[in-house]
Amino acid sequence: MFFVFLGQKRLVSLRKQKDIDNYQLSHFMQIFTSHLFRDPLPMTIKNPYHMNNSLKKEGPDQDLRSLLKSQHKRVYSICRFFANNYREHQKLFADIISAASQSIRFRRGNDSKQVLLLRACINMAALHSICLDMQPNTDRSIQFKSPDYQKNMVQFRTRIGQISDYEKMRLFLGFQSTSEIGIEDLVGPLPSKVVPSEGVKKNFIPYLKEKLVWS
Amino acid sequence: MELKNLQESWDSFPEVSMEERPVLSSDLEQIVVRNPLSDAFYLKNKILFRIIIGSLLLLYNIYHLRALYRYGGPDMDQQVLLFFLLAYFVYFHIRLLLFADYPTLLGLQLIPFLQKIETIMDKYIFSFGILSVLSGFYTLMLFGKVFYFSRGGSSPVLLENGVYKWLIIIFLSVSFYILFLHTLIPKYKKLLEAVRKYKVGIGARPQKK
Chain A
1 MFFVFLGQKR
11 LVSLRKQKDI
21 DNYQLSHFMQ
31 IFTSHLFRDP
41 LPMTIKNPYH
51 MNNSLKKEGP
61 DQDLRSLLKS
71 QHKRVYSICR
81 FFANNYREHQ
91 KLFADIISAA
101 SQSIRFRRGN
111 DSKQVLLLRA
121 CINMAALHSI
131 CLDMQPNTDR
141 SIQFKSPDYQ
151 KNMVQFRTRI
161 GQISDYEKMR
171 LFLGFQSTSE
181 IGIEDLVGPL
191 PSKVVPSEGV
201 KKNFIPYLKE
211 KLVWS
Chain B
1 MELKNLQESW
11 DSFPEVSMEE
21 RPVLSSDLEQ
31 IVVRNPLSDA
41 FYLKNKILFR
51 IIIGSLLLLY
61 NIYHLRALYR
71 YGGPDMDQQV
81 LLFFLLAYFV
91 YFHIRLLLFA
101 DYPTLLGLQL
111 IPFLQKIETI
121 MDKYIFSFGI
131 LSVLSGFYTL
141 MLFGKVFYFS
151 RGGSSPVLLE
161 NGVYKWLIII
171 FLSVSFYILF
181 LHTLIPKYKK
191 LLEAVRKYKV
201 GIGARPQKK
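Laid out in structure tokens, this is it:
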């Protein structure tokens, strides 16, 4: 409550000043206090930024919103592989858009926005698969309202058969015709299937290293 | 040949009908970015909460230790151990939070992403062990206070005896761990197993279902 009080007090003092042009700060205070305490005061706050980073101080190098608008069909495409009905499709789409937006905003290193978008697609699709696997009784039949879309989905799924998610990701990438981005850029090195030989005890130092160094 | 057929099938795919299209291109502007990770995968708030509580308890513990050092008291050893436990608890969670680095987590490649989620889950499950030991300590202290006030200012002999006191702490810690093991931990263990299984199966050949 102390922080809410401080936040509100700060807002009031800002409003008292005639030259209230610090739009971002006031919105930040509102969003900060509401997020911290799950909106304890009856405030109807809208996020002024949405997915748009054009209001950032340092200025946009490329508008995130424009990128996602131009690339949103790719997101639909991965949903074809992993979503079985409208509800899943809707949730996966929104999750991927959020993930891509987040990872592009906070990106470090030299990864391009295209790569980050595709990684968000693949990572969220993987999480979607994991969540589905955890619910064994879920209905996995394809159910879309549009007859054309339903027919094509059934045909397409029948053609690809029961392939692994890795194969689905490779197909997705192949259909997107992104020659400059390889599957290794998105998936990374596959885990090796080395079976540890029994009876060989680990030495103390590697054991300690394994416990202390998180990777 | 099969790939060619698939490509043809893919190219002839219709657009999702208007009623089924989740979000139209023009509506993308209106989407408010929310957290894409679901509750079980997103532990940031829980870890932050633990860090805050742990830090407050640590501060109180330091104050208590200072008072014990100046004026003396019977449970100095207990408070010193509690200090180290709390310091480790806070350090462990800060380290976990920094390691998780949630804003950039989704920009990782799939296998490192899954490995990171696996490690976060694993360490979070481990943290219940420290939490149960701390719960043991604080429950004993609570019992001590309750007895102290209910008996009008005299604490029971049982809690003043060093051996019994430590035995009670061990018993309470194990009890709390068993409680966590049957209530909170299974959810995370199930998720951890699912992530591990997925990671192992990601490069597998076509699955027979």
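The listed protein sequences derive, respectively, from chains A and B.
Numbering of the first sequence is given in the numbering used here, commencing with residue 1 and proceeding in unit increments.
Numbering of the second sequence is given in the numbering used here, commencing with residue 1 and proceeding in unit increments.
Just so it is clear, CB atoms sit at the ideal spot from N, CA and C, and this is done for glycine as well.
Every value quoted in this text rests on a predicted model; they were computed, and no experiment measured them.
Spatially closest choice to residue i from the options, by CA coordinates
{"i": "Cys121/A", "options": "Arg170/A, Lys145/A and Gln135/A", "result": "Arg170/A"}
{"i": "Met153/A", "options": "Ala83/A, Ser70/A, Leu190/A and Lys211/A", "result": "Ala83/A"}
{"i": "Lys189/B", "options": "Phe128/B, Val200/B, Lys165/B and Ile202/B", "result": "Phe128/B"}
{"i": "Cys253/A", "options": "Gln7/B, Leu48/B and Leu191/B", "result": "Residue numbering for chain A in the displayed model covers 1 to 215; residue 253/A lies beyond these limits and cannot be assessed."}
{"i": "Trp10/B", "options": "Leu173/A, Lys211/A, Ile104/A and Leu186/A", "result": "Leu173/A"}
{"i": "Pro189/A", "options": "Tyr164/B, Tyr148/B, Val195/B and Val200/B", "result": "Val200/B"}
{"i": "Ser164/A", "options": "Lys145/A, Ser129/A and Gln90/A", "result": "Ser129/A"}
{"i": "Leu64/A", "options": "Val75/A, Tyr76/A, Cys79/A and Ile97/A", "result": "Ile97/A"}
{"i": "Gln143/A", "options": "Ser70/A, Arg87/A, Thr178/A and Ser66/A", "result": "Arg87/A"}
{"i": "Ile168/B", "options": "Val195/B, Val133/B, Leu105/B and Pro74/B", "result": "Val133/B"}
{"i": "Gln114/A", "options": "Ser12/B, Gly107/B, Asn5/B and Phe13/B", "result": "Gly107/B"}
{"i": "Asp77/B", "options": "Ile202/B, Ile111/B, Leu181/B and Gly162/B", "result": "Gly162/B"}
{"i": "Leu131/B", "options": "Phe99/B, Gly144/B and Leu179/B", "result": "Leu179/B"}
{"i": "Lys44/B", "options": "Ile117/B, Phe143/B and Ser150/B", "result": "Ile117/B"}
{"i": "Gln71/A", "options": "Asn85/A, His89/A, Ser101/A and Gln90/A", "result": "Ser101/A"}
{"i": "Tyr42/B", "options": "Tyr102/B, Ile51/B, Ile202/B and Arg151/B", "result": "Tyr102/B"}
{"i": "Ser214/B", "options": "Thr178/A, Lys151/A, Ser177/A and Asn123/A", "result": "Residue 214/B cannot be examined here, being either before or after the span of chain B that is shown, 1 to 209."}
{"i": "Asn5/B", "options": "Arg159/A, Lys69/A and Gly182/A", "result": "Arg159/A"}
{"i": "Ile51/B", "options": "Ala67/B, Arg66/B, Val90/B and Arg34/B", "result": "Val90/B"}
{"i": "Gly109/A", "options": "Ile111/B, Phe113/B, Thr104/B and Pro112/B", "result": "Thr104/B"}
{"i": "Lys69/A", "options": "Gln162/A, Arg119/A and Phe93/A", "result": "Phe93/A"}
{"i": "Leu181/B", "options": "Val195/B, Tyr124/B, Gly152/B and Gly144/B", "result": "Tyr124/B"}
{"i": "Ile104/A", "options": "Glu180/A, Lys91/A and Leu67/A", "result": "Leu67/A"}
{"i": "Lys165/B", "options": "Pro74/B, Gln115/B and Gly152/B", "result": "Pro74/B"}
{"i": "Gly182/A", "options": "Pro147/A, Arg119/A and Asp95/A", "result": "Arg119/A"}
{"i": "Pro147/A", "options": "Asn85/A, Lys211/A, Ile78/A and Leu212/A", "result": "Asn85/A"}
{"i": "Asp95/A", "options": "Asn61/B, Ser38/B and Tyr71/B", "result": "Ser38/B"}
{"i": "Lys226/A", "options": "His89/A, Gln162/A and Ser177/A", "result": "No answer is possible for residue 226/A: the residues shown for chain A start at 1 and end at 215."}
{"i": "Ile170/B", "options": "Lys145/B, Gln115/B and Ser135/B", "result": "Ser135/B"}
Cβ separation of residue i and residue j, assumed to be a contact under 8 Å, to the nearest whole Å
{"i": "Ala293/A", "j": "Pro36/B", "result": "A question about residue 293/A goes unanswered here, because the residues of chain A that appear run from 1 up to 215."}
{"i": "Arg107/A", "j": "Leu116/A", "result": "6 Å"}
{"i": "Trp214/A", "j": "Thr183/B", "result": "Their Cβ separation, rounded to whole angstroms, is 26 Å, which puts Trp214/A and Thr183/B out of contact at 8 Å."}
{"i": "Gln79/B", "j": "His64/B", "result": "6 Å"}
{"i": "Gln7/B", "j": "Leu186/A", "result": "About 20 Å; that fails the 8 Å criterion."}
{"i": "Arg74/A", "j": "Phe156/A", "result": "So it is not a contact: roughly 17 Å between Cβ atoms."}
{"i": "Leu97/B", "j": "Leu48/B", "result": "7 Å"}
{"i": "Leu82/B", "j": "Phe137/B", "result": "5 Å"}
{"i": "Tyr76/A", "j": "Pro14/B", "result": "11 Å between Cβ atoms; not a contact."}
{"i": "Tyr198/B", "j": "Asp111/A", "result": "Not really, about 23 Å apart at Cβ, beyond 8 Å."}
{"i": "Asn123/A", "j": "Phe113/B", "result": "5 Å"}
{"i": "Ile166/A", "j": "Ile111/B", "result": "The question names Ile, but residue 166/A in the sequence shown is Tyr. Rounded, the Cβ-Cβ distance is 10 Å, inconsistent with contact."}
{"i": "Lys187/B", "j": "Ala40/B", "result": "6 Å"}
{"i": "Val195/B", "j": "Met121/B", "result": "7 Å"}
Identified DSSP bridge partners for residue i
{"i": "Gln143/A", "result": "Asn85/A"}
| request: Pull out every residue of the region 99 to 128 of chain A whose Cβ sits closer than 7 Å to any Cβ of chain B, in chain order. | output: Ala99, Ser101, Gln102, Ser103, Phe106, Arg107, Arg108, Asp111, Leu116, Arg119, Ala120, Ile122, Asn123, Met124, Ala126 and Leu127
| Segment contact, 8 Å Cβ cut-off, at least three pairs: the region 173 to 180 of chain B with the region 131 to 143 of chain A | no
| Below 8 Å, can you find three or more Cβ-Cβ pairs linking the region 75 to 89 of chain B to the region 55 to 65 of chain B? | yes
| field | Proximal residues, the region 174 to 190 of chain B versus chain A, C-beta separation under 9 Å | value | Lys190
| message | Tell me which residues of the region 112 to 125 of chain B have at least one Cβ-Cβ distance to chain A shorter than 9 Å, keeping chain order. | response | Pro112, Phe113, Leu114, Gln115, Lys116, Ile117, Thr119, Ile120, Asp122 and Lys123
| query | Using a Cβ cut-off of 8 Å, which residues of the region 126 to 156 of chain A contact any Cβ in chain B, in chain order? | reply | Ala126, Leu127, Ser129, Ile130, Cys131, Asp133, Met134, Phe144, Lys145, Ser146, Asp148, Tyr149, Asn152, Gln155 and Phe156
| Which residues, in chain order, does the region 48 to 80 of chain B contribute to contact with chain A at a C-beta distance below 8 Å? | none
| task | Anything in the region 157 to 184 of chain A with a Cβ closer than 9 Å to a Cβ of chain B? List those residues in chain order, please. | result | Arg159, Ile160, Gly161, Gln162, Ile163, Ser164, Asp165, Tyr166, Glu167, Met169, Leu171, Gly174, Phe175 and Glu184
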